[in-house]
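Working notes, structure below.
Protein chains: 2
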Amino acid sequence: MYSISFLGPKGTFSHEAASIVGENLVPYCTIPAVMESIDNDECLYGVVPIENSIEGPVGITLDQLAHKYDLKIFGEVIIPINQNLIVNPGTKMEDIEDVYSHAQAIAQCQEYIRNHKIQPHYSISTAKAAKSIIGEKSKAAICNKKVVELYGLEILESNIQDMDNNETRFVVLSKESHEMTGKDKTSIIFSIYEDRPGSLYHILGIFEKNNINLTKIESRPSKEGLGKYLFFVDFNGHIDDALVKNILNEIEENTYFFKVLGSYPEF
Amino acid sequence: MYSISFLGPKGTFSHEAASIVGENLVPYCTIPAVMESIDNDECLYGVVPIENSIEGPVGITLDQLAHKYDLKIFGEVIIPINQNLIVNPGTKMEDIEDVYSHAQAIAQCQEYIRNHKIQPHYSISTAKAAKSIIGEKSKAAICNKKVVELYGLEILESNIQDMDNNETRFVVLSKESHEMTGKDKTSIIFSIYEDRPGSLYHILGIFEKNNINLTKIESRPSKEGLGKYLFFVDFNGHIDDALVKNILNEIEENTYFFKVLGSYPEF
Chain A
2 MYSISFLGPK
12 GTFSHEAASI
22 VGENLVPYCT
32 IPAVMESIDN
42 DECLYGVVPI
52 ENSIEGPVGI
62 TLDQLAHKYD
72 LKIFGEVIIP
82 INQNLIVNPG
92 TKMEDIEDVY
102 SHAQAIAQCQ
112 EYIRNHKIQP
122 HYSISTAKAA
132 KSIIGEKSKA
142 AICNKKVVEL
152 YGLEILESNI
162 QDMDNNETRF
172 VVLSKESHEM
182 TGKDKTSIIF
192 SIYEDRPGSL
202 YHILGIFEKN
212 NINLTKIESR
222 PSKEGLGKYL
232 FFVDFNGHID
242 DALVKNILNE
252 IEENTYFFKV
262 LGSYPEF
Chain B
2 MYSISFLGPK
12 GTFSHEAASI
22 VGENLVPYCT
32 IPAVMESIDN
42 DECLYGVVPI
52 ENSIEGPVGI
62 TLDQLAHKYD
72 LKIFGEVIIP
82 INQNLIVNPG
92 TKMEDIEDVY
102 SHAQAIAQCQ
112 EYIRNHKIQP
122 HYSISTAKAA
132 KSIIGEKSKA
142 AICNKKVVEL
152 YGLEILESNI
162 QDMDNNETRF
172 VVLSKESHEM
182 TGKDKTSIIF
192 SIYEDRPGSL
202 YHILGIFEKN
212 NINLTKIESR
222 PSKEGLGKYL
232 FFVDFNGHID
242 DALVKNILNE
252 IEENTYFFKV
262 LGSYPEF
């Protein structure tokens, strides 16, 4: 049976997302390690976060897909992110001096942390944060509720994130794209010629004239200097469709860098 | 004499950028605190990072300008970011087990950290990281060279960042925009109507038909759900120019959210 790698350790939101994709889940400790596990055939699929509705893109995922690994997006999973304040059994709010979590979870709960006058500290993952507070009464962690069972901790308060609409999109990576289903999305990356003003406008015009709907447009620095960007665009359609093929050819002819990340069924 | 606030503590890249802007510099410990110091008239100007050529936008700066403070961009400063591995006097590379720095500096030196098999740890700032390693032989920090004098440490290796072209753009904030100089930039934020396909294309068309050159287009999540973005756009021109005024009026009429962040001389 094939294996599915995910960004571990167990008890993270990535673990929750991977559980939706399938069984036989194998945790890896970094996003590049998940990608490497597919590239070297240890796993057939891998699940990594790609964007959060509050914090934005997961830079390392986009950068590695753009510059390092030739993997395809085979699917997507979107899960709501509910952050919880996790403590040792019996700890009350007034006991807490320090709170530990992944930088993105800390960022998602900034207002809550400020209002409760507790000191934030960064950890490698939300699950590592939970592990680090075991037995420490003045410490709390911000995590997925899954860790409570794993480490014998308890939830002091649920849904402590600053804003509603907090959800994370994960992508399922593989060596191949998914076959056409009729309700598909395609993800591409491109960068425009800096010396041609209006380049981005003309690229978007290719979608416009073909009535193709963009579901996402996101910029990332191309790492070649300020003001130079890679654009990550998702749109409705599959690369095996003739119209989509023509559009992609036209974009490739008009861009400096171009890469198809894959076609896959919409979640 | 007026004061200039900056993202402290002393010895950070923000300190270096603020030194270019003027004298009478006052460190504040967070980006929102720098903005607050201008809003409540403690300082006339404030200097905060807004984007890095490798890591991308500084989310908290963009978010606070979009959603919280009605401050104007009065100027910009761009400085090259050279990261240094800083140690206690006499420490050699083989002594180092742990390295401390701000998350963005750690991200900028990922390859270097991996290659040297040292364990990264996050600190609130590069300068705090330097302070935390004083007297600890197995620890190093990644920082600006300014901290070496401040804390009696020494540089073990310079320019350890993974990529060249590493520069950070800082903005000088104030309550007023800068007057027109003839070589100006204007920064705006807008969000498009989600139910009108091609909205971004039409907004970019307004610049295109007026031959206005965009120097930056960056997306950020609008925090209203996946696929909904705020766009941060910089272009050549000043808001007191009649053509620019007309363009901004037309954009405002066609966007769901619109805010002018200010006009200021190009660096």
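Sequence order for the protein chains is A and B. In the working numbering, each number is its position in the first sequence, counted from 1, plus 1. In the working numbering, each number is its position in the second sequence, counted from 1, plus 1. From the three backbone atoms N, C-alpha and C, an ideal C-beta is built for every residue, glycine too. Given the structure is predicted, the values throughout are model-derived calculations rather than measurements.
Counting only runs that start and end inside the region 223-267 of chain A, the alpha helix (DSSP H) elements of at least 4 residues fall at 243-254. Scanning Ile-80(B), Phe-259(B) and Asn-211(B) for the CA closest to the CA of Ala-243(B) turns up Asn-211(B). Residue environment: Arg-197(B) is assigned as exposed (fewer than 16 neighbouring CB atoms within 10 Å of its CB, all protein chains considered). In this structure, DSSP gives Val-49(A) an extended state, which the three-state scheme calls strand.
In the structure shown, Lys-11(B) falls within a coil segment according to DSSP collapsed to helix, strand and coil. Around the beta carbon of Lys-69(A), a 10 Å sphere encloses fewer than 16 other beta carbons of the protein chains shown; the residue is thus reported as exposed. With fewer than 16 neighbouring CB atoms inside 10 Å of its own CB, Glu-254(B) falls in the exposed class. Between the region 11-26 of chain B and the region 231-251 of chain A, the count of C-beta pairs closer than 8 Å stays below three; the two stretches do not touch.
For Ser-220(A), a Cβ of chain B is located within less than 9 Å of the residue's own Cβ. At a cut-off of 9 Å, the C-beta of Thr-182(B) has no neighbouring C-beta in chain A. In this structure, Ala-141(B) places its C-beta atom within 9 Å of the C-beta atom of Ile-87(B). For Asn-25(B), same chain residues with a beta-carbon under 8 Å away, outside a window of 5 residues either side, are Met-2, Tyr-3, Ser-4 and Ile-5 in chain order. Within the region 93-156 of chain B, the complete alpha helix (DSSP H) segments of 4 residues or longer fall at 104-109, 111-116, 127-133 and 147-152, listed in chain order. Residue contact with chain A for Ser-6(B): absent (no Cβ-Cβ distance below 9 Å to any residue of chain A). Around Glu-168(A), the beta-carbon contacts reaching into chain B at under 8 Å are Gly-226 and Leu-227. Looking at the backbone, the Cα of Thr-92(B) and that of Asp-64(A) are separated by about 34 Å. Restricting attention to Gln-111(B), Gly-136(B), Thr-13(B) and Phe-232(B), the CA atom closest to the CA of Ala-128(B) is found in Thr-13(B). DSSP places Tyr-29(B) outside any alpha helix (DSSP H); the residue lies instead in the beta strand (DSSP E), whose first and last residues are 26-29. By the criterion of a C-beta distance shorter than 6 Å, Phe-171(B) is surrounded in its chain by Ala-18, Val-48, Pro-50 and Val-78, once the five residues flanking it on both sides are discounted.
Proximity of Lys-217(B) to chain A, defined by a Cβ-Cβ separation below 9 Å, is satisfied. Considering only beta carbons, the part of the region 96-112 of chain B lying closer than 9 Å to chain A consists of Ala-104, Ala-108 and Gln-111, in chain order. The C-beta distance from Ser-178(B) to Gly-76(B) rounds to 10 Å, too long to meet the 8 Å contact threshold.
Closest in alpha carbon position to Glu-219(A), among Ala-131(B), Phe-233(B) and Ala-108(B), is Phe-233(B). For the 9 Å CB-CB criterion, Phe-258(B) and Phe-191(B) form a contact.
Bounds of any beta strand (DSSP E) do not take in Gly-183(B), whose DSSP letter is neither H nor E.
Counting of Cβ neighbours within 10 angstroms places Thr-182(B) among the exposed residues, the total staying below 16.
If you look at Pro-81(A), you'll find it in the beta strand (DSSP E) that goes 73-81. In the structure shown, the three-state DSSP call for Ile-61(A) is helix. Taking 7 Å as the upper bound on Cβ-Cβ separation, chain B lies near residues Pro-198, Gly-199, Leu-201, Tyr-202, Leu-205 and Gly-206 of the region 192-208 of chain A.
In the structure shown, Ser-20(A) adopts helical secondary structure according to DSSP, grouped into three states. In terms of beta-carbon proximity, Tyr-29(A) stays away from the interface with chain B, with every pair separated by 9 Å or more. By the neighbour-count criterion, in which a residue is buried when 16 or more other Cβ atoms sit within 10 angstroms of its Cβ, Gln-120(A) is exposed.
Contact between the region 157-165 of chain B and the region 222-240 of chain B is absent: fewer than three C-beta pairs spanning the two stretches fall below 8 Å. A residue is called buried when at least 16 other Cβ atoms come within 10 angstroms of its Cβ; Phe-268(B) does not meet this threshold and is exposed. Residues of chain A with a Cβ closer than 8 Å to the Cβ of Asn-214(B) are, in chain order, Pro-198. Using a CB distance cut-off of 9 Å, Glu-56(A) counts as an interface residue toward chain B.
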